[in-house]
Each structure stands twice: as C-alpha cells, then as structure tokens.
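Engineer:
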Amino acid sequence: MNPDHKEFLTVLGHCFLQHGRFHDAGTVFEALVVLFPDEIAPKASLAYARLRLGDYGAALAQTDGLLRQPLPSRDRSFALSLRARALWGLARTDEARLVTDQLRALPVDPS
1396 MNPDHKEFLT
1406 VLGHCFLQHG
1416 RFHDAGTVFE
1426 ALVVLFPDEI
1436 APKASLAYAR
1446 LRLGDYGAAL
1456 AQTDGLLRQP
1466 LPSRDRSFAL
1476 SLRARALWGL
1486 ARTDEARLVT
1496 DQLRALPVDP
1506 S
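In this text, residue positions in the sequence shown follow the numbering used here: the first is 1396, and each later residue adds one.
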C-alpha cells in the first residue's frame, strides 16, 4: 500500500472520531488493523471507536490484544485507560479498579 493512502485513511478515521461518526471510524481502523497488523495506533483507535459506540466487549478485546505486546509507556497508559473504561462500561467494577490502580502506578511520561 502506498504510504500516502495509509496516512489518508488514518486522518479519515480520526476525522470520523472527531465528528462523532464512531461506526465509520471503526470501519476505517478495522481496515488499517488488517493492513498493518503490527502497528499500535490503529488498534488503539479501533478500541476507542468501539468504546464510544458503547461496544465495551469489543473495546475490551481490542485492549487485550494491545496489552499483550510491548508498548511504549504512553501507549500502555492509553491502552490501560481504554481497558478501565471498557470494564466500567461492562459493570466489572473490581477489575476496573485494579486496572485503574495499575494505571496510577505507571511512571509519568514527561513527553
């Protein structure tokens, strides 16, 4: 795939997110995950789109996949926050509290 097309799809997905078109954003990010399975950003964006749609189970599954791979501190924090929100949405409060505690224990990333 042409790198310009990848960038266009990424921008399109984020535009959909910004305008509340979460289903459309999810479709774009699903495609990017298939095309670029080793990349973190489309997976995180897909989890966020699912979360905003209220599909907490799908968001949780997406964060499971994210957290199984090595992540930079900032990405790990974002994935954990998405995971906590998905767990709260599923009323799995004890697990959500544990994830929130993990998130609080992470060192602050100054960047």
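Glycine included, each C-beta is placed from N, C-alpha and C at the ideal position.
Which residue comes first and which comes last in the alpha helix (DSSP H) that contains H1409?
Structural biologist: Residue 1409 sits at position 14 when you count from the first residue of the sequence shown. First-last of the alpha helix (DSSP H) with H1409: 1398-1413.
Engineer: Just to confirm before moving on: does the CB-CB distance between A1454 and A1439 stay below 8 Å?
Structural biologist: The residue labelled residue 1454 in the question sits at position 59 within the sequence shown. The residue labelled residue 1439 in the question sits at position 44 within the sequence shown. Not in contact: A1454 and A1439 (Cβ atoms no closer than 8 Å).
Engineer: Which residues in the same chain as A1479 place their Cβ atom closer than 6 Å to its Cβ, once the five residues preceding and following it in sequence are excluded?
Structural biologist: Your numbering for residue 1479 matches position 84 in the sequence shown. These residues qualify, in order along the chain: A1491, V1494, T1495.
Engineer: Check A1436 in the structure and name its three-state DSSP category.
Structural biologist: For the purposes of this step, residue 1436 is identified with residue 41 of the sequence shown, where counting begins at 1. Looking at A1436 - three-state DSSP - the assignment turns out to be helix.
Engineer: Can you grab the Cα-Cα spacing for the pair V1429 / L1448, in whole Å?
Structural biologist: Along the sequence shown, one-based indexing puts residue 1429 at 34. Along the sequence shown, one-based indexing puts residue 1448 at 53. For V1429 and L1448, the distance between alpha carbons rounds to 20 Å.
Engineer: DSSP three-state label for R1416, please.
Structural biologist: One-based indexing of the sequence shown puts residue 1416 at position 21. It is coil, neither helix nor strand.
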